[in-house]
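Working notes, structure below.
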């Protein structure tokens with residue numbers, strides 16, 4: 041079945057139906073047959089680009105072998121009864137960040153170059169016809185949906201603006217309309233003033249636990265100075281440093297963490313958006329109440345999360361598979377589920 | 041920290057911050073100390089009501105010992121810098137559906153009575169001041185967020201309308217405005233005509249894989265005749281029968297399934313809404329792309345899902361922990377993650 045989009049009649053949900061994806065390998069640990077490892081380059085689709093050092097590749101960009109959306113599709117809408125199937129184009133690439141299978145993100149010395157490639161590929165994909173938005177994301181750990189261990193990120197070029205982005209954009213616009221300022225810039229000033237949710241900061245970026253964190257240990261990372269577009273970013277060394285700092289803290293505080301890293305960048309040329317990164321550790325799983333309502337329940341306040349991350353306490357029993365908390369409220373165990 | 045709600049400044053996200061929840065027991069398998077088992081009644085908060093048979097309780101309703109929201113709270117908004125903390129009332133109850141620890145839903149013979157109690161408690165909770173909506177949900181299986189094995193459901197009385205419900209309501213209203221009919225009634229007619237997504241049907245209810253299923257094997261169950269409110273439902277025996285039929289199919293097709301059952305009922309007295317149940321098996325986990333974009337990716341088309349469920353094939357390798365699909369596209373394995 042060719043991948044296509046479906047819109048729910050009774051809600052705002054958009055779904056990409058893509059059963060090709062089900063065929064992809066799911067072999068998280070082994071490097072033997074890893075398609076991303078050095079020597080196995082013929083196991084990826086033809087390379088889009090690479091970065092070399094000393095005549096060896098250190099970064100490769102390839103099409104995703106099991107794409108969610110494909111390009112050069114029919115670009116039509118098929119009606120089926122009261123429904124529509126949208127055969128729209130998309131792009132799906134993988135950035136292989138290192139030739140070394142087991143590296144954790146903060147062990148990849150050239151990660152500033154990786155970030156630069158993120159920006160480059162986002163700019164390039166946005167130039168394609170029918171691509172309205174690019175979403176870059178990185179899954180680390182089985183519980184965060186990583187199907188392969190080898191360090192990599194993915195970019196999807198989308199034919200429609202994603203609802204999370206349009207929702208944020210409308211909030212940015214409304215806030216600027218009301219206050220004359222960027223909501224995120226104000227948030228950064230507030231977090232610098234309040235301090236308790238700040239996790240890390242350098243001359244260019246700040247990382248903090250958002251006031252309305254949806255997930256245990258959720259972290260946002262953003263430029264201190266207003267900038268709508270990630271792909272206009274230049275301070276990649278500085279960004280690499282703070283990202284490494286934050287990931288070190290995650291790995292120190294949470295045993296065997298799984299987390300998603302997602303870049304939110306402006307969906308248009310207007311100045312309202314403030315690009316930012318969302319880091320979502322996967323500890324407590326959303327369950328019936330969240331899926332049913334759209335509410336989130338967070339059982340670790342952002343203030344506590346920030347404190348634990350900053351303090352560098354090796355909270356060794358906080359793992360990404362939960363277990364119970366003791367009656368004396370020791371924060372030593374993680375939380376399996378919310379509901 | 042008293043549970044309270046936080047609204048994100050840059051999005052529509054509402055979060056309940058409730059660190060009391062982190063203390064709840066998470067002991068999925070054992071019945072020794074199960075607070076819901078017969079003989080351990082003193083381990084629950086004071087009972088709200090019970091249903092007896094032969095002088096023994098078969099159903100108990102108790103307050104949740106680790107509530108997401110509490111009643112009789114300050115009911116105020118506290119401003120903190122640019123943010124607000126909403127100390128709003130809520131209600132959180134547990135319906136213990138059976139005295140037997142290990143029963144699967146379709147083994148609970150009196151489940152029609154359980155459904156009747158759902159409706160009763162929903163009506164009662166809605167009468168309370170400050171309660172704007174009641175959400176009833178049931179988590180089964182560890183991956184669906186069930187912290188206890190003993191068969192139970194939960195009801196939360198909310199001080200705000202949940203975003204998923206308001207989103208559905210606006211779609212119902214818009215559809216009726218445009219077509220003069222209920223969107224769900226039209227959907228039911230379409231599914232009866234198309235057949236391929238229908239999973240089960242009786243004289244009062246239908247169960248089908250929604251056209252825009254967000255998740256592998258997502259199922260919706262609804263009354264054939266228009267009814268906005270679950271708690272006005274009367275056909276509990278008929279509802280029990282189709283629910284059992286569907287759950288049998290889930291357990292036949294998916295090994296060790298985990299799934300959420302959620303009731304969506306009208307948020308107001310208007311006639312537009314059509315109450316329905318969403319059943320969400322937890323196979324592929326949403327990952328970076330979904331969390332980042334708000335899109336869903338479904339790697340099992342609803343048509344295929346319905347076929348597998350209906351055909352009663354013991355697809356023994358479909359488990360709730362994914363593994364890879366073979367190159368020859370055998371549908372025998374489940375899917376761990378989407379991205």
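Protein chains in written order, with my numbering: chain A, 41 to 379; chain B, 41 to 379. Beta carbons are placed, not taken as given, at the ideal position from N, Cα and C, and that holds for glycine.
Cutting at 6 Å between CB atoms, please list the residues of its own chain near residue i, excluding the five before and the five after it.
| i | result |
| --- | --- |
| residue 306(B) | 268, 269, 313 |
| residue 113(A) | 127, 129 |
| residue 107(B) | 132 |
| residue 58(B) | 43, 108 |
| residue 215(A) | 223 |
| residue 347(B) | none |
| residue 60(A) | 106 |
Helix, strand or coil for residue i, going by three-state DSSP, please let me know.
| i | result |
| --- | --- |
| residue 177(A) | strand |
| residue 331(A) | helix |
| residue 299(A) | strand |
| residue 146(B) | helix |
| residue 100(B) | strand |
| residue 193(B) | strand |
| residue 63(A) | helix |
| residue 325(A) | strand |
| residue 89(B) | strand |
| residue 198(B) | strand |
| residue 240(B) | strand |
| residue 110(A) | coil |
| residue 291(A) | helix |
| residue 47(B) | strand |
| residue 203(B) | helix |
| residue 171(B) | coil |
| residue 227(A) | helix |
Sort the options by Cα distance to residue i and report the nearest one.
| i | options | result |
| --- | --- | --- |
| residue 289(B) | 302(B), 329(B), 248(B), 110(B) | 248(B) |
| residue 185(B) | 326(A), 42(A), 339(A), 77(A) | 326(A) |
| residue 95(B) | 85(B), 115(B), 62(B), 139(B) | 139(B) |
| residue 43(B) | 147(B), 180(B), 275(B), 126(B) | 126(B) |
| residue 198(A) | 110(A), 85(A), 278(A), 276(A) | 110(A) |
| residue 183(B) | 216(B), 344(B), 323(B) | 323(B) |
| residue 161(A) | 234(A), 99(A), 207(A), 206(A) | 99(A) |
| residue 334(A) | 47(B), 123(B), 53(B) | 53(B) |
| residue 47(B) | 271(B), 278(B), 202(B) | 202(B) |
| residue 266(A) | 315(A), 116(A), 237(A), 252(A) | 315(A) |
| residue 174(A) | 336(A), 303(A), 317(A) | 303(A) |
| residue 310(A) | 231(A), 213(A), 252(A) | 213(A) |
Which same chain residues, not among the five before or five after residue i, have their C-beta less than 7 Å away from its C-beta?
| i | result |
| --- | --- |
| residue 286(B) | 239, 240, 247, 259, 261, 319 |
| residue 264(B) | 228, 244, 245, 246 |
| residue 143(B) | 191 |
| residue 104(A) | 132, 133, 134, 194 |
| residue 250(A) | 258, 260, 342 |
| residue 242(B) | 278, 281, 282 |
| residue 256(A) | 321, 323, 324, 338, 339, 340, 345, 375 |
| residue 172(B) | 198, 199, 200, 201 |
| residue 275(A) | 244 |
Does the beta-carbon of residue i have 16 or more other beta-carbons within 10 angstroms, so that it is buried, or is it exposed?
| i | result |
| --- | --- |
| residue 169(A) | exposed |
| residue 358(A) | Note on residue 358(A): pLDDT 44, under 50, position unreliable in the model; the coordinate value appears next. Buried. |
| residue 31(B) | Lying outside 41 to 379, the shown extent of chain B, residue 31(B) is not represented and no answer is given. |
| residue 82(A) | exposed |
| residue 121(B) | exposed |
| residue 63(A) | buried |
| residue 365(A) | The predicted position of residue 365(A) is uncertain, since its pLDDT is 30 and thus under 50; no value can be drawn from it. |
| residue 280(B) | buried |
| residue 233(B) | exposed |
| residue 85(A) | exposed |
| residue 41(A) | exposed |
| residue 338(A) | buried |
Going by beta carbon distance, what residues of the same chain come within less than 8 Å of residue i, once the five residues before and after it are set aside?
| i | result |
| --- | --- |
| residue 193(B) | 134, 135, 137, 154, 158, 176, 177, 178, 301 |
| residue 49(B) | 122, 123 |
| residue 273(B) | 155, 159, 263, 267, 279, 315 |
| residue 102(B) | 84, 85, 86, 87, 88, 133, 134, 136 |
According to DSSP, what are the bridge partners of residue i?
| i | result |
| --- | --- |
| residue 260(B) | 248(B), 318(B) |
| residue 338(A) | 57(B) |
| residue 136(B) | 100(B), 192(B) |
| residue 118(B) | 125(B) |
| residue 304(A) | 316(A) |
| residue 269(A) | Partner(s): none; residue 269(A) has no beta bridge. |
| residue 131(A) | 197(A) |
Legend entry - Near-chain E residues of the region 43-59 of chain A - C-beta to any C-beta below 7 Å: Structure shown: chain E not included; protein chains present are A and B.
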